Every structure is written in structure tokens, then in C-alpha cells.
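Novice:
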Amino acid sequence: MTEVKRVFVVDGQPFFPLGGQSCNSSGYNDKESATAFKVIKLLHGNTLEIPVYWDHVEPLEGTFDFTAVDELITTARRHGVKLILLWFATWKNGNMDYAPAWVKTDPQRFKRVISQTGSDIWNLSSHCKATLRADKKAFAALCKHLKDKDGTDRTVIAIQVQNEPGIIGSDRDYGPEAQAIYDAHAPAKLVTAMRKAGEGKIFDIWQKSGANNSGTWPELFGWEAGEILTAWSIACYIDDVAASGKAVYDVPMFINVWMMEQPWWPIPGESYPSGGAVSKVLDIYKWFTPHIDIIAPDNYADDVEGYKANSVAYSRADNPYFTPETAGDQNMFRGIADYNLIGNFFFGIEYIVTPDGAVRPEYQTLVDNFHCVSSAIPLLLKYQGTGKIHSVVQEYKLTTQRLDLDGYMGIVDFGEKTARWGGKDWRHNAGWMWNEQPSMNRGRGLVVQASKNEFYLVGVNYRLFLRRKPTLDKMGAPLLVSDWATKIFGYIVSVDEGHFDRKGEFIADRRRNGDEIFRRGLWVESDIGVLRVITCD
Ligand code: DGJ
Numbered sequence: 134m135t136e137v138k139r140v141f142v143v144d145g146q147p148f149f150p151l152g153g154q155s156c157n158s159s160g161y162n163d164k165e166s167a168t169a170f171k172v173i174k175l176l177h178g179n180t181l182e183i184p185v186y187w188d189h190v191e192p193l194e195g196t197f198d199f200t201a202v203d204e205l206i207t208t209a210r211r212h213g214v215k216l217i218l219l220w221f222a223t224w225k226n227g228n229m230d231y232a233p234a235w236v237k238t239d240p241q242r243f244k245r246v247i248s249q250t251g252s253d254i255w256n257l258s259s260h261c262k263a264t265l266r267a268d269k270k271a272f273a274a275l276c277k278h279l280k281d282k283d284g285t286d287r288t289v290i291a292i293q294v295q296n297e298p299g300i301i302g303s304d305r306d307y308g309p310e311a312q313a314i315y316d317a318h319a320p321a322k323l324v325t326a327m328r329k330a331g332e333g334k335i336f337d338i339w340q341k342s343g344a345n346n347s348g349t350w351p352e353l354f355g356w357e358a359g360e361i362l363t364a365w366s367i368a369c370y371i372d373d374v375a376a377s378g379k380a381v382y383d384v385p386m387f388i389n390v391w392m393m394e395q396p397w398w399p400i401p402g403e404s405y406p407s408g409g410a411v412s413k414v415l416d417i418y419k420w421f422t423p424h425i426d427i428i429a430p431d432n433y434a435d436d437v438e439g440y441k442a443n444s445v446a447y448s449r450a451d452n453p454y455f456t457p458e459t460a461g462d463q464n465m466f467r468g469i470a471d472y473n474l475i476g477n478f479f480f481g482i483e484y485i486v487t488p489d490g491a492v493r494p495e496y497q498t499l500v501d502n503f504h505c506v507s508s509a510i511p512l513l514l515k516y517q518g519t520g521k522i523h524s525v526v527q528e529y530k531l532t533t534q535r536l537d538l539d540g541y542m543g544i545v546d547f548g549e550k551t552a553r554w555g556g557k558d559w560r561h562n563a564g565w566m567w568n569e570q571p572s573m574n575r576g577r578g579l580v581v582q583a584s585k586n587e588f589y590l591v592g593v594n595y596r597l598f599l600r601r602k603p604t605l606d607k608m609g610a611p612l613l614v615s616d617w618a619t620k621i622f623g624y625i626v627s628v629d630e631g632h633f634d635r636k637g638e639f640i641a642d643r644r645r646n647g648d649e650i651f652r653r654g655l656w657v658e659s660d661i662g663v664l665r666v667i668t669c670d
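Take a look at the structure:
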């Protein structure tokens, strides 16, 4: 049993945010955000992630305009959707595109990062106190405004502080102030934190570099000092910004990550922003961001191994696993079942539809994924961390997947079938006809075994067969059986398609029996809701 820390709360109850992130320019006004709100409903989501821009809310220094924020909140309430606001400010994807013009055009006051070659780059230095003060002031004003406008209804459930922070174009700032920090002793509390941890990637780099008790950054971390100093500096900067907001309004805050585990070579400042909370420096972020609730990877990996590695890195006892940007693929099921994912978002939600609002055919599988998860949210909130949720994912060419269940052996059978018995029901594919259509629609979903004889299934394009675990003879060999019920179907009391009501009670909508289950297994599709199966001994 793992304790799942539910950072997101609605009406005092744990909440599983599910939905999409708008395109970058959709937060400017009501007109621009309209499609994103519509698509959240199409996607069966409950939350929209959408940016708030520093250059927009503070066009002149000290003059704030929260009209766009107010519009977002009003529209979200009208749609019955929650919001996660993304504070695009000092950093957006490793540059400063969203800083106000009065910041961008005053490099004397708001220092830019100086690269190794001595030229300044399009990135604000985390060492510049004037920029920090300005960002903090604007963020605190935003939080104060949210408190006044939304403190009771709490349509905004969380804020992402900055967006994929770090430096693109250099591993660190080589300007004079930054250089002086690099050449001075690193803070003693960093050494204390490493010593206390006694393990981890930062600890290992420190050990490899001689494990000095004190020293300059390069003395402690060798050639990786540039990135590590930058991570420490940006982590402290963002934490300070978050603290200024939390001081006026207590709402969950997180930092998202442009990951180093990309298809490209891992060169900080080149293939990912140096100083962002990549897995290598995640410990630094966890040690120095006490006002941040989650370090959240933008996990676009769609290969199994890549997804698993990213999930392992960011689902830690001290870091709930939350993915603010993903490709919305079948890995979501894996994240939920195997890594206690507490919320998931697809990036670029408007891309799902054509300009006239229809779901593009190539996005239907993604919409189905979200539909399945949204149907199962009460189950996730109840059973994540208990070992009762199993992910079902059909990898390339996989025809079946075994599940080890309490009292049962499960076989998940994937895909469309060519035999007549492989149909489903008259609403779905060709129950009484030969069906030879190849399918790119791979099987995926979740199987939840609430108790030994109570199962809940959601998903697409798979069917579950349950066989009671065999009785063993005195040598331990399984006793063979010949009856079909034991061998393949289990003893099924009832099979119902249904949904969960507001109180989390299962409501049966349609009973399945006879041809709809005999030899066809316990099949699911996204539009059937949740399948509840009751068995008996
Ligand atoms: C990651 C960023 O965080 C988003 O704002 C967006 O730019 C996407 N990348 C684009 O793929």
C-alpha cells in the first residue's frame, strides 16, 4: 500500500484533474480560449490548463490588468470546468518571450544570461534580483486577484509557476555576478542536503568529484557544476516567486519540466534548458523548493521503456506524479495503475478538432483514452496505491496480456476477432458477421479488482477472461478441470455497464448476459462507461 498524496482538491474532496492544455496563445481573451473550453468537454475532461502571461497582466510596470483572467474564470464556471493557470513569466521554454516589454528592453536593469562567448542571450538571469523582485510582485498580484475573485468558488485549482524553466543557449550564466557566485563557495546547506540524502544523482556527482565538504561549484561538481549551479539558482528563484504568491493565497503550485530524456543527446542548454528540473538535478529542486507541491514532467515519451523511466524518476515518496503535458496516449493507463499518476493533460487541445469543431479522426483514439479514464475517476481516487488497479496496454504485436489477480488468473485478449464468436454486441462491431478488419486501435484500459469477486473495467478494444486459480494437488500441481465456467469464464453472477454518480456509487445502466458475454469475454469500449463484473466462488 502506497500513500497517494492528492495535491488537487475540489470542495474539500480529493480531485483527479484530467484534460488538456490550450495552445500557447489561447489565454489572451475569451474569443481565443473558446475552442479550448469546448474541446475539454469533447475530451470528457474536467480541467483546462491555460496560460496567464506576465506581459499581458502587467503591460506597464505596476499597472495590472486581470481582465483575461476574469474572463477565463467566468467561462470555466459556465462550462463546469476547473482551471490550472500557467504563469508564463521569467521563463517559457527556456527563454523570456512572455516577459513584459519594459523588462525585455531594459537589459541594464533586468540582466540577461551571458553565454560562454560573452554575448547575451534571450533569457533572463536567475541571479538578477531586480527581475526576481519584479516577477514576485506580479505573481503576488495575480494570486491576490485570484483570492479576491475566486477564493470562495476555487475554480482555479492550481498554478504552474513559469513554464519549462532553464536556459537554452548556455549551460549557465557567465556574466560577472553569476561568475562570482560560481567561483565562491557553494552553500553549506547544499552539502548538508547531499550528506543527508546519502544517495541519488547529485550525491553521485559530488562523490565522483571528490566529495569535498566545502568548495566552489566546480570543486564540488566538476564539469557538471554549470548546470547544477543553474538548477539551484532557478529552483530558489521560482520557490521565492511561489512563496510570494502563497503568502497571499494558498493554492497548489508546481513546476513543469522540459525533460532531458528526449530523443536528442543530453546536452544541457542545447537539447534541453539547462537548470530545469531534469531527473539529474531533481534532488536539488526537491531540497530547495519548499513552496512547490510537485515537480511535474512534461512526459511525451510514448515508448514503453521511456515512459517507465520517466515515471520512475518523478514518482517518488517526496514527489506526487503529475503530468501537465503528454501526448495523451495509452501510457496514461500505465501511469495511473503503476505509478499513481494523480492527474494528466494532453498538450495542444485545440488540435483535436477541425475549425468547425468536429473531432479529427486521427485523434479519436486519444479522445477514447480520456473518456475511459474520466469514467473511472471514482475508482482511481479509491484504489490507487492499493495494488488493485492493473493497466492493460497492447504493445506492438501483443495478442494477450496476463493479469495476476486475487483468486483469478486474468487473460486480456486484444483486438478485433475474425471468428463469429469474437463480436461484441449489436452496437459494436459485427457480432454476427465475420470481421476481418485489421485494427490500429490497440487495446488499452484499466482493470480494477475491488475485492475478490468484484471487478470494474474500462478501456478500448480488449476483453478479459477470468479463470479461477487452480486447486493444487498435494504435490502442488494444478488440478485440471473440464467445465467451461471454471476454465474460461469464472462463475459470473452479473455483468453491467454503468457509471458512477456524484457520491461515487456505481449505477448500472445496461445488463449484459447470454450472447453478449458467452465466449466473448468481458469486453469494453469507450462508450460503454464502466463495466462491473460480479463473480462468485
Ligand atoms: C512544451 C511547452 O511547455 C509548451 O508550452 C509548448 O510549447 C509545447 N512544448 C509545444 O510542443
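Here the sequence shown stands for residues 134 to 670, numbered as in our numbering.
A virtual CB, placed ideally from N, CA and C, is assigned to each residue, including glycine.
Since the structure is predicted, the reported quantities are computational estimates derived from the model, not experimental observations.
Inspect the CB distances between the stretch 467-481 and the stretch 145-161 and report whether three or more fall short of 8 Å.
Specialist: yes
Novice: Check VAL214 in the structure and name its three-state DSSP category.
Specialist: As a first step, residue 214 must be located in the sequence shown, where it is residue number 81. Correct three-state label for VAL214: coil.
Novice: For the beta strand (DSSP E) containing ASP670, list its first residue and its last residue.
Specialist: Here residue 670 refers to the residue found at position 537 when the sequence shown is read from its first residue. Careful: ASP670 lies outside any beta strand (DSSP E) and carries neither H nor E.
Novice: Could you have a look at PHE478 and say whether DSSP puts it in helix, strand or coil?
Specialist: Taking the sequence shown and counting its residues from 1, one reaches residue 478 at position 345. Of the three classes helix, strand and coil, the one that applies to PHE478 here is strand, per DSSP.
Novice: By DSSP, does LYS282 sit in helix, in strand, or in coil?
Specialist: On the sequence shown, residue 282 is found 149 positions in, with the first residue counted as 1. Helix, per DSSP.
Novice: Which same chain residues, not among the five before or five after MET393, have their C-beta less than 6 Å away from its C-beta?
Specialist: Locating residue 393 in the sequence shown gives position 260, counting from the first residue. PRO399, TYR405, VAL411, listed in sequence order.
Novice: When you compare only the Cα positions, how much space is there between GLU357 and TYR370?
Specialist: The residue you call residue 357 lines up with position 224 of the sequence shown. The residue you call residue 370 lines up with position 237 of the sequence shown. The alpha-carbon atoms of GLU357 and TYR370 are separated by roughly 20 Å.
Novice: In or out: CYS669 buried (at least 16 other Cβ within 10 Å) or exposed?
Specialist: The residue given as residue 669 occupies position 536 in the sequence shown. Result: exposed.
Novice: Which whole-angstrom value is the C-beta distance of SER259 and SER366, which I expect to be below 8 Å?
Specialist: Translated into positions along the sequence shown, residue 259 becomes position 126. Translated into positions along the sequence shown, residue 366 becomes position 233. Approximately 4 Å separates the beta-carbon atoms of SER259 and SER366; this is inside 8 Å, confirming the contact.
Novice: Grouping DSSP H, G and I as helix and E and B as strand, with all else coil, what is TYR433?
Specialist: The count along the sequence shown starts at 1 and reaches residue 433 at position 300. In this structure, TYR433 counts as coil in the three-state DSSP scheme.
Novice: Could you tell me whether the Cβ atoms of GLY299 and GLY408 are closer together than 7 Å?
Specialist: Position 166 of the sequence shown holds residue 299. Position 275 of the sequence shown holds residue 408. Contact: yes.
Novice: Could you name the residues that DSSP lists as bridge partners for ARG575?
Specialist: Here residue 575 corresponds to residue number 442 of the sequence shown, with the count starting at 1. Note: ARG575 sits in no beta bridge, so no partner.
Novice: So who's on the other strand from GLU182, going by DSSP bridges?
Specialist: The residue you call residue 182 lines up with position 49 of the sequence shown. Beta-bridge pairing links GLU182 to GLN154, ILE217.
Novice: May I have the straight-line CA-CA distance separating LYS329 from ASP316, to the nearest angstrom?
Specialist: Here residue 329 is taken as the residue at index 196 of the sequence shown, counted from 1. Here residue 316 is taken as the residue at index 183 of the sequence shown, counted from 1. The alpha-carbon atoms of LYS329 and ASP316 are separated by roughly 25 Å.
Novice: Is the stretch 514-534 touching the stretch 189-196 in the sense that three or more CB pairs, one from each, lie closer than 8 Å?
Specialist: No, the stretch 189-196 does not touch the stretch 514-534.
Novice: Does the structure place the stretch 152-172 close enough to the stretch 238-251 that three or more beta carbon pairs sit under 8 Å?
Specialist: Segment contact: the stretch 238-251 against the stretch 152-172, fewer than three CB-CB distances shorter than 8 Å; contact not assigned.
Novice: Look at the Cβ atom of VAL506, then the Cβ atom of VAL500, and state whether they are nearer than 7 Å.
Specialist: Working through the sequence shown from its first residue, we reach residue 506 at position 373. Working through the sequence shown from its first residue, we reach residue 500 at position 367. Contact: no.
Novice: Which ranges would you report for the beta strand (DSSP E) in the stretch 430-514 if only whole runs of at least 3 residues count?
Specialist: 456-459, 477-480
Novice: Check this for me: beta carbons of THR498 and ASN574, under 7 Å apart or not?
Specialist: By one-based count along the sequence shown, residue 498 stands at place 365. By one-based count along the sequence shown, residue 574 stands at place 441. Yes, these two residues count as a Cβ contact at 7 Å.
Novice: Quick one: grab the DSSP three-state call for GLN340.
Specialist: Mapped onto the sequence shown, residue 340 falls at position 207. DSSP places GLN340 in helix when its eight states are reduced to three.
Novice: Determine the extent of the alpha helix (DSSP H) in which SER377 is found, giving its start and end residues.
Specialist: Counted from its first residue, the sequence shown places residue 377 at position 244. Start and end: 358-379.
Novice: Over what stretch of residues does the alpha helix (DSSP H) that includes ILE314 continue unbroken?
Specialist: Here residue 314 refers to the residue found at position 181 of the sequence shown. Looking at the DSSP string, the run of the alpha helix (DSSP H) that includes ILE314 is 309-316.
Novice: Evaluate the contact criterion for the stretch 282-300 versus the stretch 219-238: three or more CB pairs, one atom per stretch, below 8 Å.
Specialist: Output reads yes: the stretch 219-238 touches the stretch 282-300.
Novice: For LEU538, collect the residues of the same chain with a Cβ closer than 7 Å to its Cβ; drop the 5 residues on either side in sequence, then sort them by chain order.
Specialist: Here residue 538 refers to the residue found at position 405 when the sequence shown is read from its first residue. Only residues of its own chain outside the window of five on either side were considered, and among them GLN582 have a CB closer than 7 Å to the CB of LEU538, listed in chain order.
Novice: Between the C-alpha atoms of ALA209 and GLY592, what's the straight-line distance to the nearest angstrom?
Specialist: The residue given as residue 209 occupies position 76 in the sequence shown. The residue given as residue 592 occupies position 459 in the sequence shown. Those two C-alpha atoms are separated by around 28 Å.
Novice: Can you tell me where the beta strand (DSSP E) holding SER524 begins and where it ends?
Specialist: As a working note, residue 524 is residue 391 in the sequence shown. It spans 522-526 - the beta strand (DSSP E) in which SER524 sits, taken as one unbroken run.
Novice: Here's the rule I'm using: 16 or more other beta-carbon atoms within 10 Å means buried, otherwise exposed. How should GLN146 be labelled?
Specialist: Within the sequence shown, the letter at position 13 stands for residue 146. Looking at its Cβ environment, which holds fewer than 16 other Cβ atoms inside 10 Å, GLN146 is exposed.
Novice: For ILE292, list the residues DSSP reports as bridge partners.
Specialist: Within the sequence shown, numbered from 1, the residue matching residue 292 stands at position 159. According to DSSP, which records beta bridges pairwise, ILE292 is partnered with LEU218, MET386.
Novice: Mind reading off the beta-carbon distance from GLY461 to ASN502? Whole number of angstroms is fine, and I expect it under 8 Å.
Specialist: For this step, residue 461 is matched to residue 328 along the sequence shown. For this step, residue 502 is matched to residue 369 along the sequence shown. Right, their Cβ atoms sit about 6 Å apart.
Novice: Within the present structure, is the beta-carbon of GLU332 separated from the nearest heavy atom of ligand 1 by less than 6 Å?
Specialist: Along the sequence shown, one-based indexing puts residue 332 at 199. The answer is no for GLU332.
Novice: Excluding sequence positions up to five away, which residues of its chain have a Cβ less than 7 Å from the Cβ of HIS318?
Specialist: Position 185 of the sequence shown, counted from the first residue, corresponds to residue 318. Taken in chain order, the residues that qualify are SER347, GLY348, THR349.
Novice: Do you know whose CA, among ASP426, CYS261, LEU257, TYR382, lies nearest LYS280's CA?
Specialist: Counting from 1 along the sequence shown, the entry for residue 280 is found at position 147. Comparing Cα positions, the closest option is TYR382.
Novice: Based on the DSSP output, what are the partners of TRP656 in its beta bridges?
Specialist: Position 523 of the sequence shown, counted from the first residue, corresponds to residue 656. In the DSSP output, where bridge partners are listed per residue, TRP656 has ARG596.
Novice: Count the other C-beta atoms from every protein chain shown that fall within 10 angstroms of the C-beta of PHE651, then say buried if there are 16 or more, exposed otherwise.
Specialist: As a working note, residue 651 is residue 518 in the sequence shown. By the 10 Å Cβ count, PHE651 comes out exposed.
Novice: Please indicate yes or no: does the CB of GLU165 lie closer than 6 Å to some heavy atom of ligand 1?
Specialist: Stepping through the sequence shown from its first residue, residue 165 is reached at position 32. For ligand 1, not one heavy atom lies less than 6 Å from the Cβ of GLU165.
Novice: Hey, is ASN226 close to ligand 1, as in C-beta under 6 Å from one of its heavy atoms?
Specialist: For the purposes of this step, residue 226 is taken as the residue at position 93 of the sequence shown. In this structure, the C-beta of ASN226 approaches ligand 1 to less than 6 Å from one of its heavy atoms.
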